[in-house]
Amino acid sequence: MEPQLSHHIEGAVATVVIRHPAKRNAMTAAMWHALPPLLDAFARDPGVRALVLTGEGGTFCAGADISTLQGSPAEAQALAVAAEEALAAFPKPALAAVRGHCVGGGAQLAAACDLRLAEEGALFGVTPARLGIVYPASSTRRLVSLVGPATAKYLLFTAELIDAGRALGTGLVDEVLPVGELDKRVAELTRILVSRSQLTQAAAKEFAGGRTDRDAHWAERAQGNPDTAEGVAAFLERRQPRFTWSVSTSGSASSGSTSG
Numbered sequence: 000m001e002p003q004l005s006h007h008i009e010g011a012v013a014t015v016v017i018r019h020p021a022k023r024n025a026m027t028a029a030m031w032h033a034l035p036p037l038l039d040a041f042a043r044d045p046g047v048r049a050l051v052l053t054g055e056g057g058t059f060c061a062g063a064d065i066s067t068l069q070g071s072p073a074e075a076q077a078l079a080v081a082a083e084e085a086l087a088a089f090p091k092p093a094l095a096a097v098r099g100h101c102v103g104g105g106a107q108l109a110a111a112c113d114l115r116l117a118e119e120g121a122l123f124g125v126t127p128a129r130l131g132i133v134y135p136a137s138s139t140r141r142l143v144s145l146v147g148p149a150t151a152k153y154l155l156f157t158a159e160l161i162d163a164g165r166a167l168g169t170g171l172v173d174e175v176l177p178v179g180e181l182d183k184r185v186a187e188l189t190r191i192l193v194s195r196s197q198l199t200q201a202a203a204k205e206f207a208g209g210r211t212d213r214d215a216h217w218a219e220r221a222q223g224n225p226d227t228a229e230g231v232a233a234f235l236e237r238r239q240p241r242f243t244w245s246v247s248t249s250g251s252a253s254s255g256s257t258s259g
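One point on numbering: in numbering that gives the first Met the number 0, the residue at position 40 of the sequence shown is 39, and numbering is uninterrupted.
#1: For the segment 46-61 and the segment 208-220, state whether three or more C-beta atom pairs, one from each stretch, are separated by less than 8 Å.
#2: Indicate whether Glu118 and Leu181 have their beta-carbon atoms separated by less than 7 Å.
#3: Short check: CB of Val260 to CB of Ala110, under 7 Å?
#4: If you drop the 5 nearest sequence neighbours on each side, which residues of the same chain put their C-beta closer than 8 Å to that of Thr199?
#5: Check the DSSP bridge columns for Glu174 and list the partner residues they point to.
#6: Pop quiz: Ala79 and Cys101 are said to be a contact at Cβ under 8 Å. What is the actual Cβ separation, rounded to whole angstroms?
#7: Is it buried or exposed for Arg115, if we count other Cβ within 10 angstroms and need 16 for buried?
#8: So, with DSSP's three-state summary, where would you put Ser254?
#9: Distance, Cα to Cα, Gly223 vs Pro92?
#10: What are the complete beta strand (DSSP E) segments, minimum 3 residues, inside the segment 85-117?
#11: Measuring CB atoms only, is the segment 80-90 touching the segment 145-153, in the sense that at least three cross pairs come out at less than 8 Å?
#12: Check for me: the beta strand (DSSP E) holding Glu9 runs from which residue to which?
#13: Going straight from the alpha carbon of His216 to that of Gly168, what length do you get?
#14: Pick out whichever of Gly179, His19, Val172, Leu37 has its Cα sitting closest to the Cα of Gln107.
#15: Who are the Cβ neighbours of Glu229 in its own chain at under 8 Å, not counting the five residues just before and after it?
#16: Could you work out which residue in Gly103, Ala163, Ser66 is closest to Ala28 when comparing CA atoms only?
#17: Using the Cβ count rule (16 or more neighbours within 10 Å means buried), how would you classify Arg238?
#18: Grab the span of the beta strand (DSSP E) containing Ala13 for me, first residue to last.
#19: Who are the near neighbours of Gly103 in its chain, counting only those whose CB is closer than 6 Å to its CB and skipping five residues on each side?
#20: Could you tell me the alpha carbon to alpha carbon distance between Val12 and Thr189, rounded to whole angstroms?
#21: Given a threshold of 16 other Cβ atoms within 10 Å of its Cβ, counted over all protein chains shown, does Thr150 qualify as buried or as exposed?
#22: Who are Ala262's beta bridge partners in DSSP?
#23: Alpha carbons only, please: which of Pro177, Val246, Leu4, His7 is nearest the one belonging to Ala203?
#24: Alpha carbon to alpha carbon, what distance is there between Gly99 and Gly255?
#25: Within 10 angstroms of its Cβ, does His19 collect 16 or more other Cβ (buried), or is it exposed?
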């Protein structure tokens, strides 16, 4: 099988699968290039309300396939950063479903998602110190925002792998599931995500990510928004709300990068 990012949409959830089993789902140059336009298409699709990123089989992503990265190390790193930033800026909830190794560039991608669920046995590592590479400033700040400076330094200084339990304790992952339960939990959580107000989610994602230039923008969107009236009515009527606001049709999606 050729290395690729396969994808499908089921319900309101888009799933992207990293497929390069010969090299533990390492990302090739072509795969790094393919991710931003794929995310842009999902961002513009009003039928998509959440994204899942995962790896084929028992591995999430073991990093970058160095053999496909021509040119200088800086050029190779720029490819990974561009994909990471596109994922961080994706305006809808993004969830990483992690099995096995989540290392190097794989850890960059997982950190750029909003939520991370891992199966027992998963291993996480940030490994530029093994190659003498300066980890990107944006990636370092994102890691610090997730796990704090002390743990970020441990991961970066040592390049050691940590297990899912320790990753949970540091905040690198949000939940750890028993073997065989990850897919069920991902389906359950994404059903919850797509049922909630995308207005709330989109604004919260930017605020939590450190945006400070969009306060007035979101205050304007909130005024008289139909999602608010629908949410209150559904609560009073004891029924599930039917939210309709979408970043895909409102023009509110922003390509500005976030810090987390």
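Cβ atoms here follow ideal geometry from the backbone N, Cα and C, with glycine treated the same way. Note that the structure is a prediction, hence the values are computed from the model and not measured.
Walking through what the data contain:
#1: no
#2: yes
#3: No answer is possible for residue 260: the residues shown for the chain start at 0 and end at 259.
#4: Asp226
#5: Leu116
#6: Incorrect: roughly 14 Å between the Cβ atoms, too far for contact.
#7: buried
#8: Here Ser254 scores only 42 on pLDDT, less than 50, and its place in the model should not be relied on; the value that follows carries that caveat. Of the three classes helix, strand and coil, the one that applies to Ser254 here is coil, per DSSP.
#9: 23 Å
#10: 93-97, 100-102
#11: no
#12: 3-9
#13: 35 Å
#14: Val172
#15: Pro240, Arg241, Phe242, Thr243
#16: Ser66
#17: exposed
#18: 12-18
#19: Gly62, Thr126
#20: 7 Å
#21: buried
#22: As displayed, the chain neither begins before 0 nor continues past 259, which places residue 262 out of reach and without an answer.
#23: Val246
#24: The pLDDT assigned to Gly255 is 44, lower than 50, so where the model puts this residue is not dependable, and the model offers no usable value.
#25: buried
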